[in-house]
């Protein structure tokens, strides 16, 4: 559907349609973020022997996040006097926009996708790299030492972990022979999920993805016990909400990407289960991946920056490189792909 | 600028005011102190002792009959003890005898508190003077003894404490006399037996254990003693069990002892036995002859070493602080304070490598710095004190010796205004540099009453 | 050539990992600390000055506020000092109640430390587990004293309240439960690679340093000094219990972590034995005069608190108020070594070092 529209001639109507679709999608994602946050709090609560939100919106606290967001939106907009005003204002936008952009290329089912790009994987990785600019801008513009330290850490971390992330993805590209995410899913129909063929890549990718998402144990950029709140120390209200939103949208995108790359996207695990629609399968796999992310958050302490860098360069990168060679050998020798 | 000046002026005024008040107060204090010092004999420490003693005795007298009975018993025992000890040391035996008699008399005079006081003083002096030629340490012994006895009588309840002290005596006696003379060993046994009979109460369980533990090092003799005691106290079941446990605990059978201890603790007899034994103990307890603190020998050692190396003149005073778990206390001369501290830390046989506490106090006539040191090598404590001039409280810092003295000295500077020279970073650690006055001084007036 | 300069960073007085109002002025070269200057006093309340105008019983609530995480031991050190001066013999039952209260409080204090220390590393769950158990202890102490944090439980000569009906059974049941949970703690955290890499060989000091800086408690024992006042200078009735003094040789943050957890176990042992031996009846207060007047003179006693050696110095002029009251506050002494440990460390290590010392700011500032 979207694909056809993409090829149609430009016009006011088409623009309107696109705009409305994007807006709808934005709200879908916002809806997801709302309930992802609630789910995270509930899962954390469950793991930590407590209840979690249970006051707003019935006993499940279904409206808790809505109320939180509402509160953030009506909060006074504070910009520190010493801050670099224009940069301070634009930074959250720069951090948030790419997170939304990357979602466009994710195929949720074989039909539901916004843009079927031939370089889908590359597009995702490239665009998501922009966020770090927003982070650094926020850190610098705040004119706060904690922010600066947090921004420095974030940048270093992002740059370092981007590499193993790409390298581990390369193994899959090698097997599929395509960077198109649709093709990658399609290829898994024949050979089985790539988590079976690329377990090493999966581990590296997962770890690097955690680091990209700034989630425990890699949340050094905003390590609240050391740096108060890292790069967004000076932010509050809806500007801060933008950062928060970006983080969770990235989580949404990254979990989707992992589902697509390693868990066969919308494909059912077995043929006889194919009567269940692909969207359900995608949702289930996606939910499992997100759950693991929450789970990690409940169990791990945070790493130290120097250890983090060491880990990226001395462990993850060599392993990812070795995986590429291994994959090449596999492909050459087994000849099943 | 002018604001600053104003502030400066205000500060000065406040300080002047405070000083004037302080002076007035001090004068009053001095007057009082003078009165006190007139009473005190030349030797201050002995004066204090006698004073304390007298006071306690007065209390004791007020407590009438129980006390009197106790005294009588005390005399008897002391006499007996003296008799037994006689072969060992004729003169000291006599002394003890005399002493006990006099004390009994003193108590019998019931209401005449003043008389008692006088006598007590005399007694103390006499005791001291009689013994002095014979043996210095034993002189102290009797002195202490008298004091402790008075205290014990004064508080019938303090029975157990007294017992512990007596126990220490027995122990010490055992360890000191045993190698020299067999018969004196018997003495100790005898003594222990009597004591055991006296303290037939459950409360004693802990003390017994402690004792047994102490005597484990004393070897067979200690064991014997504990056993005999255990036999003697068969009256109260709980106590007996506890004691046996203690005896065995000394020889090392832990589990058994534990089980017994549990049994002992469970025995409901405890309360009743205690109540019953209370009186008996009260009357018989003081019969134990008192001994100097077990730490006396350490104090003597410290003083001797210090005097040998640093000269006779460095210490102002040295005593055992009975109120503070018998900690040997040295009062250094102001000039020699750092030297002594250094010596205490680095001397081989002293080795006080740990500064547990250092703080200052304002005693209105003078300032004082009190340091509690500990030697992990010798497992011994010592308290080091130094008196400072209140107008110019200044003293060398010991932060160079123990880095741990850094902040506490800052605290003393902050709150009392004692300057520690040579301190690496003397600052007002709690209140901040702009605070006016030193709050822990007795004449402190807050600059800003709102605070 | 890049022109670099050092950054002055103010950590605190409001900062999540200082556990109170504590300020550290750091000089940073990048993320490396070149100098650290602790600034304290934000919580100074002048307890010692206030106490000079109060009777001894009135001072006890003030001791609660010093180390508010482990108030029982603070209560005890004051009454112990007064009792030592006056030579008061404490009834059996009161002694057991005191020991139970103090050891329960010690466990609670270590639990709080454990939770917050791991929280400093960004792991949120252990805090809640620790608080779950701590809550049970606080409930027990609440039943005993009527307060959850500032107990004001002990009095000169005994304790204020007797144990309520069924309290001992609850304490007895708590011990095996806590042991089980302790195993879980070890499984969750003690072997975690990230945690190990953040605490091992971090904040290391030697035995000599520890003695020199007057460290006490776990901070001292983690360097291999076998020293516990409960064992080495027994006070109260600690000589009746069979327990070990836990030491480690590492001298680093992990050694202190291990020591504290092992100490919980030892405290549980003491609690277990105390419950077994608990006398069924008897008074909880000794006969003490209505108005407590220690004799003229001075005394200094020290006991093993949750964070180290708590001392109490009383100079009395025979009146009902102390002439001078001074507390040796272990956190105050223990914190002194911090600047030395921080020099040359990464800023992330700040929290593992500061956390491992285990300070309570109420105690640091007096």
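Chains as they are written, first to last, in my numbering: chain A, 98 to 434; chain B, -3 to 447; chain C, 437 to 802.
Quick reminder that beta carbons are idealized off the backbone N, C-alpha and C, glycines included.
All values derive from a computational prediction rather than experimental measurement.
So what's residue i in DSSP terms, helix, strand or just coil?
i	result
residue 608 (chain C)	helix
residue 465 (chain C)	strand
residue 751 (chain C)	strand
residue 368 (chain B)	strand
residue 437 (chain B)	coil
residue 780 (chain C)	coil
residue 445 (chain B)	coil
residue 415 (chain A)	helix
residue 216 (chain A)	coil
residue 735 (chain C)	strand
residue 757 (chain C)	coil
residue 646 (chain C)	helix
residue 377 (chain B)	strand
On the DSSP bridge assignment, give the partners of residue i in chain order.
i	result
residue 358 (chain B)	B:363
residue 590 (chain C)	C:595
residue 459 (chain C)	C:475
residue 702 (chain C)	Beta-bridge pairing links residue 702 (chain C) to no other residue.
residue 415 (chain B)	B:390
residue 446 (chain C)	C:461
residue 324 (chain B)	B:316
residue 636 (chain C)	Residue 636 (chain C) is not bridged to any residue.
residue 764 (chain C)	C:747
Taking a contact to mean a Cβ-Cβ separation below 8 Å, would you say residue i touches residue j in this structure?
i	j	result
residue 787 (chain C)	residue 516 (chain C)	no
residue 570 (chain C)	residue 599 (chain C)	no
residue 659 (chain C)	residue 642 (chain C)	yes
residue 519 (chain C)	residue 760 (chain C)	no
residue 625 (chain C)	residue 727 (chain C)	no
residue 416 (chain A)	residue 301 (chain A)	yes
residue 336 (chain B)	residue 384 (chain B)	no
residue 486 (chain C)	residue 504 (chain C)	no
residue 369 (chain B)	residue 380 (chain B)	yes
Give me, in chain order, the residues of the same chain whose beta-carbon lies closer than 8 Å to that of residue i; leave out the 5 immediate sequence neighbours on both sides.
i	result
residue 422 (chain A)	none
residue 784 (chain C)	467, 634
In angstroms with no decimal places, state the Cα-to-Cα distance between residue i and residue j.
i	j	result
residue 800 (chain C)	residue 419 (chain A)	54 Å
residue 252 (chain A)	residue 311 (chain A)	11 Å
residue 355 (chain B)	residue 392 (chain B)	13 Å
residue 374 (chain A)	residue 381 (chain A)	11 Å
residue 109 (chain A)	residue 115 (chain A)	10 Å
residue 683 (chain C)	residue 427 (chain B)	37 Å
residue 118 (chain A)	residue 414 (chain A)	39 Å
residue 430 (chain A)	residue 215 (chain A)	27 Å
residue 693 (chain C)	residue 638 (chain C)	12 Å
residue 461 (chain C)	residue 781 (chain C)	14 Å
residue 802 (chain C)	residue 298 (chain B)	33 Å
residue 402 (chain A)	residue 123 (chain A)	34 Å
residue 678 (chain C)	residue 513 (chain C)	22 Å
Using a Cβ-Cβ distance cut-off of 8 Å, determine whether residue i contacts chain D.
i	result
residue 550 (chain C)	Within the model displayed, chain D is absent; protein chains A, B and C are what it includes.
Identify, in the order they occur along the chain, each residue of the same chain with its Cβ nearer than 7 Å to the Cβ of residue i, setting aside the five sequence neighbours on each side.
i	result
residue 490 (chain C)	757
residue 414 (chain B)	356, 363, 365, 384, 389, 391, 408
residue 340 (chain A)	189, 192, 329, 332
residue 762 (chain C)	484, 749
residue 399 (chain A)	313, 314, 316, 317, 320
Excluding the 5 residues flanking residue i on each side, which residues of the same chain have their C-beta closer than 6 Å to its C-beta?
i	result
residue 710 (chain C)	532, 535, 536
residue 324 (chain A)	243, 246, 247
residue 276 (chain B)	Note that residue 276 (chain B) scores 40 on pLDDT, short of 50, meaning its location in the model is unreliable; the coordinates nonetheless yield the value given after this. Around residue 276 (chain B): no qualifying Cβ.
residue 794 (chain C)	549, 743
Could you check if residue i belongs to the surroundings of the ligand SAH, using beta carbon to heavy atom distance under 7 Å?
i	result
residue 325 (chain A)	For the structure depicted, the ligand SAH is absent and the ligand set is empty, with no information on it obtainable.
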